[in-house]
Amino acid sequence: MSFPADFVWGAATAAHQVEGGNTNSDCWLLEHAKPSLFAEPSNDACDHAARYADDIAVLAALGLNTYRFSIEWARVEPEEGAFSQAALDHYKRVIDACWSRGVRPMATFHHFTNPRWVARDGGWADDRIAERFARYCEFTAGVLGGELAYACTINEINIPDALSELMQRVKAKHPDRKAAAEQVLGAPIEAFYLFAGGNGYTERALRAHMLARDAIKTAAPHVPVGMTMSIQECEAEPADAAQAALRAYKARVYAPYYDVAKSDDFLGVQTYTRTLFSADGKASRRPPEGAEVTQMGYEYRPQALAAACRDAWSATQTPILVTESGIATKDDGRRRAFIRAALEGVAAAMADGVDIRGYVYWTLLDNYEWMSGYAPLFGLVGVDRRTMARAIKPSAVMLGQIARANALDVQTAESDVALSAVGAAVGVGSN
Ligand code: BGC
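Using this note's numbering, the first residue of the sequence shown is number 2, and each one after it goes up by one.
This is the structure:
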């Protein structure tokens with residue numbers, strides 16, 4: 002159970018979820034709509050915009066070799082065509098902080114949030130999105146691209162498709178929140194990425210990805226570029242109707258993206274649980290009776306990751322990077338078990354010939370979980386919401402040890418010694 006020499010071992014974040022004060026984004030507007038679809042506003046998030054260097058130091062001290070973060074379009078292009086040098090300088094410092102610690106920077110150019118002006122014009126429901134997104138990528142990659150180790154264009158490019166039925170229900174259940182959202186956006190709610198599924202979204206998103214990929218490749222030909230996809234383990238009840246529902250879902254939510262990923266450098270796989278299909282034709286992440294559930298209400302299902310990687314590989318033959326896999330739980334012991342079991346699945350898939358090049362845990366810090374607010378705890382590192390103090394969890398130490406050994410057969414370190422050694426190295430506490 003050991004991994005290839007250059008295997009990517011990382012942890013991920015996304016700008017809006019950790020930086021704090023992303024006031025020029027559409028998500029910020031939605032959080033402050035009255036009433037809001039979001040449980041609470043992001044406010045200062047994890048203050049990562051100021052604390053990125055310490056956070057990257059923790060990641061490096063743990064033993065991880067890659068940091069996946071996102072570049073915030075709303076900061077880089079606050080108004081159409083007006084690019085912020087200061088914002089690009091900030092991300093240059095983030096990238097430098099990575100390299101100075103021996104950490105490879107993996108940047109995502111779009112992780113759910115848009116500048117307000119993009120949303121006002123209809124966002125991901127508007128046909129101008131592809132050219133607009135590509136222009137921002139071209140500019141950004143022109144300045145920063147050469148220094149990246151990996152570039153992800155659009156995070157979970159297929160999540161709007163996967164969420165479309167759920168979002169229909171959310172809109173129908175909360176007409177007042179939808180109306181307030183549309184008022185603050187100045188556009189239909191479909192402008193916001195997570196609500197954009199349907200009505201030609203797939204074609205628009207794929208066009209945006211391809212233009213962005215070409216722009217990044219032109220600026221930085223040596224940097225591997227790919228999209229990331231939300232891919233769950235899919236299972237159907239034996240009934241024909243359930244099997245047909247599963248096939249129809251995969252044809253709509255996975256297949257068009259797999260086709261394009263065939264010509265990318267890598268495919269980012271992001272898996273959290275299992276999606277079950279029943280004879281009524283519905284896809285559901287609702288757990289089966291009696292199953293252990295996570296804070297997200299998902300079935301505890303670490304083996305879903307390998308199933309998703311196998312599916313992606315058989316459909317694309319494109320090298321896979323696991324760009325997100327994780328669990329929301331207060332019980333760090335369950336997180337350790339989840340990580341280990343997920344990695345055992347990855348190792349077994351690799352032994353069967355699935356070309357997996359890395360594993361990036363979601364997420365480095367307990368952070369802002371979109372509409373659910375701060376309650377779900379996905380992090381390897383805890384964040385005190387009042388003081389912003391970081392606290393390294395045993396799961397972080399365990400993953401770091403696996404990464405250093407590049408193998409799974411390490412002792413699970415829960416010992417205070419290991420924790421305090423990492424903490425002392427970077428001046429943070431542990432819990
Ligand atoms: C997203 C993250 C999110 C995570 C956990 C993924 O869909 O990329 O931003 O926090 O899942 O729900």
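Heads up, the beta-carbon is just placed ideally off N, CA and C, and yes, glycines get one too. Remember, predicted model here, so these are calculated numbers, not experimental data.
#### Entry: Closer than 7 Å: Asn407 CB and nearest the ligand BGC heavy atom
Numbered from its first residue, the sequence shown carries residue 407 at position 406. No, the beta carbon of Asn407 sits no closer than 7 Å to any heavy atom of the ligand BGC.
### Task
Pull up the distance between the alpha-carbon of Ala404 and that of Arg121, whole angstroms please.
For the purposes of this step, residue 404 is taken as residue 403 along the sequence shown, with counting starting at 1. For the purposes of this step, residue 121 is taken as residue 120 along the sequence shown, with counting starting at 1. Approximately 44 Å between the Cα atoms of the pair.
### Query
Which one of Glu204, Leu89 and Phe379 has the shortest CA to CA distance from Leu1?
Not covered by the structure: residue 1. The range shown for the chain is 2 to 432.
### Message
Counting only C-beta atoms, is Asn407 closer than 8 Å to chain C at any point?
### Response
No chain C appears in this structure, which consists of one protein chain only.
### Query
Where DSSP assigns a beta bridge to His111, which residues make up the other side?
One-based indexing of the sequence shown puts residue 111 at position 110. Looking at the DSSP assignment, His111 forms a beta bridge with Ile155.
### Task
Along the alpha helix (DSSP H) that carries Gln18, what are the first and last residues, could you check?
Stepping through the sequence shown from its first residue, residue 18 is reached at position 17. First-last of the alpha helix (DSSP H) with Gln18: Ala16 to Val19.
### Task
Excluding the 5 residues preceding and the 5 following Asn23 in the sequence, name in chain order all residues of the same chain whose CB lies nearer than 8 Å to its CB.
Residue 23 sits at position 22 when you count from the first residue of the sequence shown. Contacts found: Ala16, His17, Trp29, Ser43, Ala46, Glu73, Ala75, Arg76 and Thr114.
### Query
With 16 other CB atoms within 10 Å as the buried threshold, where does Trp125 fall?
Position 124 of the sequence shown, counted from the first residue, corresponds to residue 125. That one is buried.
### Query
Which word fits His49, buried or exposed, when buried means at least 16 other C-beta atoms lie within 10 angstroms of its C-beta?
Position 48 of the sequence shown, counted from the first residue, corresponds to residue 49. Counting Cβ neighbours within 10 Å, His49 comes out buried, since at least 16 surround it.
### Task
Return yes when the C-beta of Phe339 is under 7 Å from any heavy atom of the ligand BGC, and no when it is not.
To locate residue 339, count along the sequence shown from 1; it is residue 338. No, since every heavy atom of the ligand BGC falls outside the 7 Å radius drawn around the Cβ of Phe339.
### Message
On the CB-based measure, 16 or more other CB atoms within 10 Å of its CB, does Asn159 come out buried or exposed?
### Response
To locate residue 159, count along the sequence shown from 1; it is residue 158. Buried: at least 16 other Cβ atoms inside 10 Å.
### Query
Relative to the C-alpha of Thr141, which residue among Pro395, Ala87 and Gly269 is closest?
The count along the sequence shown starts at 1 and reaches residue 141 at position 140. Nearest option by C-alpha distance: Ala87.
### Task
Ignoring anything shorter than 3 residues or poking outside the region 214–242, list the beta strand (DSSP E) runs there in chain order.
Those beta strand (DSSP E) runs which fall completely within the region 214–242 and span 3+ residues are 226–231 and 234–237.
#### Entry: DSSP three-state assignment for Gln271, whether helix, strand or coil
Here residue 271 refers to the residue found at position 270 when the sequence shown is read from its first residue. Here Gln271 sits in strand by DSSP.
### Task
Compute the minimum distance between the beta carbon of Ala15 and the heavy atoms of the ligand BGC, and state whether it is under 7 Å.
Sequence index remark: in the sequence shown, residue 15 carries index 14 (1-based). At least one heavy atom of the ligand BGC is nearer than 7 Å to the Cβ of Ala15, so yes.
### Task
Excluding the 5 residues preceding and the 5 following Asn25 in the sequence, name in chain order all residues of the same chain whose CB lies nearer than 8 Å to its CB.
For this step, residue 25 is matched to residue 24 along the sequence shown. Answer for Asn25: Ala75, Arg76, Pro79, Pro116 and Arg117, listed in chain order.
### Query
Considering only C-alpha positions, which residue in the set Ala256, Arg286, Ser231 and Ser85 is nearest to Ala237?
Position 236 of the sequence shown, counting from 1, holds the residue named residue 237. Of the candidates Ala256, Arg286, Ser231 and Ser85, Arg286 places its Cα closest to the Cα of Ala237.
### Message
Can you tell me whether Ile72 is helix, strand or coil according to DSSP?
### Response
To locate residue 72, count along the sequence shown from 1; it is residue 71. Reduced to three states, the DSSP call for Ile72 is coil.
### Query
For the ligand BGC, is there a heavy atom less than 7 Å away from the beta-carbon of Phe379?
Translated into positions along the sequence shown, residue 379 becomes position 378. Yes, the beta carbon of Phe379 sits closer than 7 Å to at least one heavy atom of the ligand BGC.
### Distance between beta carbons of Ala284 and Ala246, contact taken as under 8 Å
For the purposes of this step, residue 246 is identified with residue 245 of the sequence shown, where counting begins at 1. For the purposes of this step, residue 284 is identified with residue 283 of the sequence shown, where counting begins at 1. Under the criterion of beta carbons closer than 8 Å, Ala246 and Ala284 qualify as touching, at roughly 7 Å.
### Query
If you follow the beta strand (DSSP E) that Gly383 is part of, which residue opens it and which one closes it?
On the sequence shown, position 382 is the one that residue 383 refers to. Looking at the DSSP string, the run of the beta strand (DSSP E) that includes Gly383 is Val382 to Val384.
### Query
By Cβ distance, which residues of its chain are closer than 6 Å to Val270, with the 5 residues on each side in sequence left out?
As a first step, residue 270 is located in the sequence shown; it is residue number 269 there, counting from the start. Hits under 6 Å: Ile232, Ala309, Cys310, Ala313, Ile321 and Val323.
### Task
For Ala12, write down the residues that DSSP places opposite it in a beta bridge.
As a first step, residue 12 is located in the sequence shown; it is residue number 11 there, counting from the start. According to DSSP, Ala12 bridges with Tyr68 and Tyr362.
### Task
Between the Cα of Met211 and those of Tyr259, Gly201, Ala131 and Asp281, spot the shortest distance and give me the residue it belongs to.
Within the sequence shown, numbered from 1, the residue matching residue 211 stands at position 210. When each option's Cα is compared against that of Met211, the closest is Ala131.
### Message
Does the distance between the C-beta of His112 and the nearest non-hydrogen atom of the ligand BGC fall short of 7 Å?
### Response
As a first step, residue 112 is located in the sequence shown; it is residue number 111 there, counting from the start. For the ligand BGC, at least one heavy atom lies less than 7 Å from the Cβ of His112.
#### Entry: 6 Å CB neighbourhood of Gly21 in its chain, flanking five on each side removed
Translated into the one-based positions of the sequence shown, residue 21 becomes position 20. A distance below 6 Å between beta-carbons, with the five flanking residues on each side excluded, links Gly21 to the following residues of its chain, in chain order: Asp45, Ala46, Asp48 and Ala50.
### Query
How about Phe134 and Asp27: are their beta carbons less than 8 Å apart?
Mapped onto the sequence shown, residue 134 falls at position 133. Mapped onto the sequence shown, residue 27 falls at position 26. Going by C-beta atoms, Phe134 is not nearer than 8 Å to Asp27.
### Query
Which of the three DSSP states, helix, strand or coil, is assigned to Ala376?
Counted from its first residue, the sequence shown places residue 376 at position 375. Coil, per DSSP.
### Task
Please confirm whether any heavy atom of the ligand ATP lies closer than 7 Å to the CB of Ser26.
Summarising the ligand content, the structure contains the ligand BGC and does not contain the ligand ATP.
### Query
Does the beta-carbon of Thr67 have 16 or more other beta-carbons within 10 angstroms, so that it is buried, or is it exposed?
Locating residue 67 in the sequence shown gives position 66, where the first residue counts as 1. Counting Cβ neighbours within 10 Å, Thr67 comes out buried, since at least 16 surround it.
### Query
Enumerated in chain order, which unbroken segments of the beta strand (DSSP E) with a length of 3 residues or greater are wholly contained in the region 113–193?
151–155
### Query
So, is Lys179 buried or exposed, given that buried needs 16 or more other C-beta atoms within 10 angstroms?
Looking up residue 179 in the sequence shown gives position 178. Buried, because 16 or more other Cβ atoms sit within 10 Å of the Cβ of Lys179.
### Bounding residues of the beta strand (DSSP E) (the contiguous stretch that carries Ala392)
For the purposes of this step, residue 392 is taken as the residue at position 391 of the sequence shown. Where Ala392 is concerned, the enclosing beta strand (DSSP E) stretches over Arg391 to Ile393.
### Query
Should Pro289 be labelled buried (16 or more other beta-carbon atoms within 10 Å of its own) or exposed?
For this step, residue 289 is matched to residue 288 along the sequence shown. Exposed: under 16 other Cβ atoms inside 10 Å.
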